């Protein structure tokens with residue numbers, strides 16, 4: 001059981017709360033941008049870093065390293081900086097992780113080769129993993145109970161807004177190094193966070209005294225831990241496998257000599273907009289049809305739309321934009337619904353620990369699966385066939401959800 005020693009908590013002014021929220025929005029939004037910016041510039045960045053033209057198979061192999069390393073960093077950051085924030089405080093740790101991914105992103109502008117890029121993307125992933133965790137914890141601790149759910153919902157939508165920003169940057173800057181200069185914004189935000197934001201009074205004044213604690217692996221919780229890890233991990237594998245490589249797949253459909261800048265940028269904008277609208281509608285759908293039914297319909301539609309997108313298109317046409325938007329809408333619904341569904345699998349006493357475990361174990365398997373897409377491209381004869389394989393995890397999620405209570 002757990003007991004709490006609670007000292008006097010002094011309220012934070014409304015103006016400082018909104019300032020905190022605004023800076024967290026900046027950090028959270030640009031996390032989405034940094035997470036997807038390399039994906040959209042991958043077809044032009046890798047040949048430049050290699051100093052020579054690369055084949056489709058070689059691009060797939062190197063890109064797999066870049067994307068997988070980023071996701072491993074994200075996982076490590078999500079695990080590590082949660083502990084750090086409990087020790088040194090929310091404000092200091094948020095400053096640290098925001099500066100970490102900002103500086104790492106700025107360093108991409110001068111990276112000499114793709115080996116150095118791997119190290120930089122790992123640290124950027126660590127920073128992003130920390131930001132997504134700590135901003136949520138920090139806002140939940142400083143915000144009043146009445147408006148907390150709404151404000152956290154708005155914060156969660158900021159990640160796909162950052163993805164839209166990625167598409168916009170691709171349209172504005174043909175030079176990929178210039179685009180990564182956006183890293184100076186989170187660096188500036190980190191300075192403002194350190195100088196202007198208040199520390200969470202709940203962190204300062206609440207001390208947990210642990211006299212024993214229910215385990216997430218006991219007989220009661222273990223089945224749901226396995227179920228939650230399988231569902232969330234499967235969805236992440238499918239989402240990131242397709243998400244990270246969709247621009248490169250689109251490039252492969254274009255005629256030789258076309259740079260594909262506009263097409264890749266528009267696809268990233270559609271992915272982000274679909275995520276935003278899907279996330280907004282997820283709550284409405286869950287209230288109307290229930291969480292389980294919403295997830296079942298969403299996973300089934302993802303499988304169907306992946307088949308339509310990657311089987312029926314052999315050259316690039318405008319129909320790809322429509323099909324991508326529909327698939328992205330389903331992605332958004334799945335993420336919004338799972339954010340509510342997974343935590344409710346567990347009792348309150350272990351909800352945070354168990355949910356964090358499900359989410360981060362899922363990221364480990366996601367990074368591993370995305371890593372092997374380069375091999376799939378060579379074996380299956382192209383990006384379209386390789387990405388079609390990533391529709392299968394949605395089928396796994398569908399079956400596990402169907403068998404759950």
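Residue numbers (my numbering): 1 to 405. For every residue, glycine included, the Cβ atom is placed at its ideal position computed from N, Cα and C. Everything numeric in this text was worked out from a predicted model, so none of it was measured.
With 16 other Cβ atoms within 10 Å as the buried cut-off, status of residue i
i: residue 263; result: buried
i: residue 27; result: buried
i: residue 83; result: exposed
i: residue 172; result: exposed
i: residue 247; result: buried
i: residue 207; result: No answer about residue 207 holds up, because its pLDDT of 47 lies below 50 and its placement is not dependable.
i: residue 250; result: buried
i: residue 18; result: exposed
i: residue 390; result: buried
i: residue 69; result: buried
i: residue 400; result: buried
i: residue 186; result: buried
i: residue 257; result: exposed
i: residue 52; result: exposed
i: residue 190; result: buried
i: residue 196; result: exposed
i: residue 386; result: buried
i: residue 363; result: buried
i: residue 220; result: exposed
i: residue 397; result: buried
i: residue 312; result: exposed
i: residue 22; result: exposed
i: residue 67; result: buried
i: residue 85; result: buried
i: residue 255; result: exposed
i: residue 15; result: exposed
i: residue 288; result: exposed
i: residue 209; result: In this predicted model, residue 209 has a pLDDT of only 43, less than 50, meaning its place in the structure is not dependable; the value taken from the coordinates is given anyway. Its Cβ having fewer than 16 others within 10 Å, residue 209 is exposed.
i: residue 231; result: buried
i: residue 329; result: buried
i: residue 90; result: buried
i: residue 211; result: Any reading at residue 211 needs caution, since the residue's pLDDT is 43, under 50, leaving its predicted position unreliable; the model's value is listed next. Classification of residue 211: exposed, given that the 10 Å Cβ count is below 16.
Top-ranked residue by Cα proximity to residue i, from the options
i: residue 269; options: 279, 251 and 324; result: 324
i: residue 236; options: 15, 37 and 332; result: 332
i: residue 92; options: 385, 362 and 204; result: 204
i: residue 384; options: 396, 316, 233 and 363; result: 316
i: residue 111; options: 388, 176, 229 and 217; result: 176
i: residue 13; options: 288, 201 and 330; result: 201
i: residue 54; options: 194, 261 and 114; result: 114
i: residue 300; options: 393, 131, 80 and 288; result: 393
i: residue 198; options: 267, 275 and 138; result: 138
i: residue 59; options: 402, 396 and 382; result: 382
i: residue 217; options: 357, 192 and 15; result: 357
i: residue 101; options: 224, 273, 32 and 274; result: 32
i: residue 278; options: 67, 161 and 308; result: 161
i: residue 75; options: 403, 360, 167 and 379; result: 360
i: residue 276; options: 131, 156, 365 and 166; result: 156
i: residue 164; options: 402, 35 and 188; result: 35
i: residue 388; options: 242, 108, 143 and 24; result: 242
i: residue 192; options: 273, 20 and 377; result: 20
i: residue 159; options: 335, 404 and 377; result: 335
i: residue 372; options: 134, 238, 24 and 142; result: 238
i: residue 154; options: 174, 294 and 280; result: 280
i: residue 339; options: 141, 294 and 305; result: 294
i: residue 78; options: 39, 87, 103 and 130; result: 130
First through last residue of the alpha helix (DSSP H) which encompasses residue i
i: residue 220; result: That residue, residue 220, is in no alpha helix (DSSP H); it is neither H nor E in DSSP.
i: residue 200; result: No alpha helix (DSSP H) holds residue 200; DSSP gives it neither H nor E.
i: residue 304; result: 291-312
i: residue 393; result: 392-403
i: residue 48; result: 14-50
i: residue 60; result: 56-88
i: residue 384; result: 383-389
i: residue 178; result: 176-179
Cβ-heavy atom distance, residue i to the ligand MG, below 6 angstroms
i: residue 277; result: As far as ligands go, the structure on display features none, and thus does not contain the ligand MG.
* In chain order, which continuous runs of the alpha helix (DSSP H) of length 4 or greater are located wholly inside the region 131-163? -> none
* **Three or more C-beta pairs below 8 angstroms linking the region 175-182 and the region 115-129** => no
* Inspect the CB distances between the region 42-49 and the region 61-80 and report whether three or more fall short of 8 angstroms. => yes
* Count the C-beta pairs between the region 86-102 and the region 47-55 that are closer than 8 angstroms, then say yes if the count reaches three, no if not. => no
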